[in-house]
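Undergrad: Mind looking over this structure? Questions follow.
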Amino acid sequence: MIDSQKVQYTLLVCIYMGAFLLTGSESLECHSCTKSDCSDQTVVECAKPMNICTEIIVLLRTGNQSLPVRHKGCASGLSSIISYHVTFDGLTIRHFEFGCDTSLCNAGNTPFSTLPTEPPVVDPPENATECHTCVDTDESRCLGENAQKIICPAGQDRCYRGNGSLLIGNVLQPIFIQKCSSPGCPSFNYHASKWYNLSLSGSCCSGDYCNKILAPVVTLPTNDVGSKFTTKNGATPSATSISLLVIIFAVFAIGKF
């Protein structure tokens, strides 16, 4: 004979086990995109330990040229909102990011007008150096006549041409840039947050528009960061499989009595 109290106890344990397993199997879903304009946006299921959805927008500007970049995806951390700008040797970076912890909470597109206000433009000195200026993810748009022209501000009497990478989340974007530069022609490695890093390297020259053609720029790194999410067909246990495990456990436990 099967003790009814033991059966009730076993079933109660199974109910709690099922509730626990089902709660643990509910993965966070987020909007995700890898193209800089987010035109490839899709819904992904975040892999553990990713626990928040993110949106990051970055606006790079040099002279009168700007490059907007948007990224969405999964990440680990706390819900937060960060907004700032920084200017470095002829390049202005404006950046906004937020994280939220409910499924699909990063659905909307934050307008670039949300970014911090840029510092005021200072009039260039007399007889200032003039350079080609461009910032883009496509090198062809920074070559020849595609590049714009700019009168350099005080303290920047060199012309610069270089490239690098913008890492946002798990997506690596190539960056090609022409701009004015200070005499030291500094490289740039800016780690703004754990979700965002910008690295630039290049060469400088003296003379108006001399950066139209410079020595070959550095080789870009490959995107070996790896995916930080699974698709909706990922390996997360389904509710059906968990229910089956609970039933098997219940039958086995009752049979032991």
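Residue numbers for the sequence shown, in mature numbering (1 follows the signal peptide of the UniProt record, and there is no 0): -27 to -1, 1 to 230. Glycine included, every Cβ here is placed at the ideal spot set by N, Cα and C.
Would you kindly report the start and end of the unbroken beta strand (DSSP E) that includes PRO84?
TA: Taking the sequence shown and counting its residues from 1, the one referred to as residue 84 is at position 111. Premise fails: PRO84 is in no beta strand (DSSP E) and is neither H nor E.
Undergrad: Give the range of the beta strand (DSSP E) segment to which ALA165 is assigned.
TA: Sequence index remark: in the sequence shown, residue 165 carries index 192 (1-based). Looking at the DSSP string, the run of the beta strand (DSSP E) that includes ALA165 is 161 to 166.
Undergrad: For the region 168 to 184 against the region 80 to 89, are there 3 or more C-beta pairs whose distance is under 8 Å?
TA: no
Undergrad: Ordered along the chain, which non-local residues of its own chain (more than five positions away) have a Cβ less than 7 Å from that of ASP181?
TA: Numbered from 1 along the sequence shown, position 208 holds the residue referred to as residue 181. The answer, listed in chain order, is THR102 and GLU103.
Undergrad: Excluding the 5 residues flanking residue 231 on each side, which residues of the same chain have their C-beta closer than 7 Å to its C-beta?
TA: The structure shown does not extend to residue 231, since the chain is modelled only from -27 through 230, so no value can be given for it.
Undergrad: Answer with buried or exposed for VAL108, where buried requires no fewer than 16 other C-beta atoms within 10 angstroms of its C-beta.
TA: The sequence position of residue 108 within the sequence shown is 135, counting from 1. VAL108 is buried by the Cβ-count criterion.
Undergrad: Does DSSP classify VAL17 as helix, strand or coil?
TA: Counted from its first residue, the sequence shown places residue 17 at position 44. Looking at VAL17 - three-state DSSP - the assignment turns out to be strand.
Undergrad: By Cβ distance below 8 Å, which residues in the same chain neighbour PHE161 in space, the five residues on each side in sequence not counted?
TA: The residue you call residue 161 lines up with position 188 of the sequence shown. Once the five neighbours on either side are set aside, the close Cβ partners of PHE161 are PHE61, ASP62, LEU64, GLY137, LEU171, SER172, LEU173 and SER174.
Undergrad: Suppose you measure from the CA of TYR169 to the CA of THR35; what does that come to, to the nearest Å?
TA: Within the sequence shown, numbered from 1, the residue matching residue 169 stands at position 196. Within the sequence shown, numbered from 1, the residue matching residue 35 stands at position 62. Straight-line Cα distance between these residues: approximately 19 Å.
Undergrad: Is CYS78 helix, strand or coil when you go by DSSP?
TA: Along the sequence shown, read from residue 1 onward, the residue named residue 78 stands at position 105. CYS78: coil per DSSP, three-state reduction.
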